[in-house]
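Start counting at 1 in the sequence shown, then tack on 283, and there's your number in this note's numbering. Step one of this worksheet: look at the structure below.
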Amino acid sequence: MVDFKDANDVIARLKRENSELSGMVLATGVILTQLLQSNCKRELNPQAAASRIMASAREAIQGFASATDVDSVMKARALEAVQQYEDQIKSVLAV
284 MVDFKDANDV IARLKRENSE LSGMVLATGV ILTQLLQSNC KRELNPQAAA
334 SRIMASAREA IQGFASATDV DSVMKARALE AVQQYEDQIK SVLAV
(Lines of atoms letter the chains of each structure in order from A and count residues from 1; the text may use other names and numbers.)
(Lines give C-alpha, C1' and ligand atoms only; values in the text may rest on other atoms or scores of the structure.)
Protein backbone atom coordinates (compact mmCIF):
# COMPACT_ATOMS: atom_id res chain seq x y z
CA MET A 1 0.00 0.00 0.00
CA VAL A 2 1.21 3.49 -0.84
CA ASP A 3 2.01 5.77 2.08
CA PHE A 4 0.67 9.10 0.88
CA LYS A 5 2.18 11.03 3.79
CA ASP A 6 5.68 9.91 2.76
CA ALA A 7 4.92 10.64 -0.91
CA ASN A 8 3.65 14.11 -0.02
CA ASP A 9 6.76 14.75 2.08
CA VAL A 10 8.99 13.68 -0.79
CA ILE A 11 7.09 15.88 -3.24
CA ALA A 12 7.30 18.87 -0.88
CA ARG A 13 11.05 18.30 -0.44
CA LEU A 14 11.58 18.03 -4.20
CA LYS A 15 9.57 21.20 -4.80
CA ARG A 16 11.73 23.03 -2.26
CA GLU A 17 14.95 21.71 -3.81
CA ASN A 18 13.70 22.68 -7.26
CA SER A 19 12.92 26.21 -6.05
CA GLU A 20 16.35 26.51 -4.44
CA LEU A 21 18.08 25.31 -7.60
CA SER A 22 15.98 27.67 -9.71
CA GLY A 23 17.09 30.54 -7.49
CA MET A 24 20.72 29.54 -7.91
CA VAL A 25 20.28 29.31 -11.67
CA LEU A 26 18.68 32.75 -11.76
CA ALA A 27 21.48 34.31 -9.71
CA THR A 28 24.13 32.59 -11.83
CA GLY A 29 22.50 33.78 -15.03
CA VAL A 30 22.26 37.37 -13.84
CA ILE A 31 25.88 37.40 -12.66
CA LEU A 32 27.08 35.78 -15.88
CA THR A 33 25.13 38.23 -18.02
CA GLN A 34 26.50 41.23 -16.11
CA LEU A 35 30.05 39.91 -16.34
CA LEU A 36 29.84 39.18 -20.06
CA GLN A 37 28.26 42.56 -20.77
CA SER A 38 31.07 44.31 -18.89
CA ASN A 39 33.73 42.32 -20.74
CA CYS A 40 32.16 42.85 -24.15
CA LYS A 41 31.76 46.60 -23.61
CA ARG A 42 35.56 46.86 -23.37
CA GLU A 43 36.03 45.40 -26.85
CA LEU A 44 36.38 47.47 -30.01
CA ASN A 45 33.51 45.51 -31.54
CA PRO A 46 31.33 44.43 -28.60
CA GLN A 47 28.69 42.72 -30.75
CA ALA A 48 31.32 40.55 -32.45
CA ALA A 49 32.91 39.74 -29.09
CA ALA A 50 29.55 38.56 -27.75
CA SER A 51 29.01 36.47 -30.90
CA ARG A 52 32.43 34.82 -30.48
CA ILE A 53 31.76 33.99 -26.84
CA MET A 54 28.38 32.47 -27.63
CA ALA A 55 29.71 30.52 -30.62
CA SER A 56 32.35 29.03 -28.32
CA ALA A 57 29.64 28.16 -25.80
CA ARG A 58 27.59 26.42 -28.47
CA GLU A 59 30.62 24.45 -29.64
CA ALA A 60 31.36 23.43 -26.05
CA ILE A 61 27.79 22.25 -25.52
CA GLN A 62 27.86 20.28 -28.78
CA GLY A 63 31.21 18.74 -27.84
CA PHE A 64 30.07 17.85 -24.35
CA ALA A 65 26.86 16.35 -25.69
CA SER A 66 28.78 14.27 -28.24
CA ALA A 67 31.32 13.03 -25.70
CA THR A 68 28.73 12.03 -23.10
CA ASP A 69 25.25 10.59 -23.06
CA VAL A 70 23.43 13.90 -22.64
CA ASP A 71 19.65 13.96 -22.66
CA SER A 72 18.43 15.65 -25.84
CA VAL A 73 16.12 17.90 -23.81
CA MET A 74 19.07 19.07 -21.71
CA LYS A 75 21.16 19.81 -24.80
CA ALA A 76 18.31 21.67 -26.50
CA ARG A 77 17.66 23.76 -23.39
CA ALA A 78 21.35 24.58 -23.02
CA LEU A 79 21.53 25.79 -26.61
CA GLU A 80 18.32 27.77 -26.13
CA ALA A 81 19.79 29.36 -22.99
CA VAL A 82 22.90 30.41 -24.93
CA GLN A 83 20.66 32.15 -27.44
CA GLN A 84 18.74 33.87 -24.65
CA TYR A 85 21.98 35.11 -23.07
CA GLU A 86 23.28 36.27 -26.43
CA ASP A 87 20.11 38.22 -27.15
CA GLN A 88 20.11 39.76 -23.69
CA ILE A 89 23.78 40.70 -23.73
CA LYS A 90 23.70 42.13 -27.25
CA SER A 91 20.62 44.21 -26.46
CA VAL A 92 22.69 46.53 -24.25
CA LEU A 93 25.87 46.64 -26.34
CA ALA A 94 26.80 49.31 -28.85
CA VAL A 95 26.29 48.30 -32.47
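Cβ atoms here follow ideal geometry from the backbone N, Cα and C, with glycine treated the same way. Nothing here was measured: the structure is a model prediction, and the numbers come from that model.
Here the alpha carbon of Asp286 sits roughly 37 Å from the alpha carbon of Ala310. DSSP, read as helix, strand or coil, puts Val378 in coil. Considering only Ala364, Asp354, Ala343 and Glu369, the residue with the shortest C-alpha distance to Val308 is Ala364. Linking Glu326 to Leu362 through their CA atoms gives a straight-line distance of about 24 Å. DSSP places Asp292 inside the alpha helix (DSSP H), whose first and last residues are Phe287 to Lys324. Following the DSSP letters along the chain, one finds Asp370 inside the alpha helix (DSSP H) bounded by residues Ser355 to Lys373.
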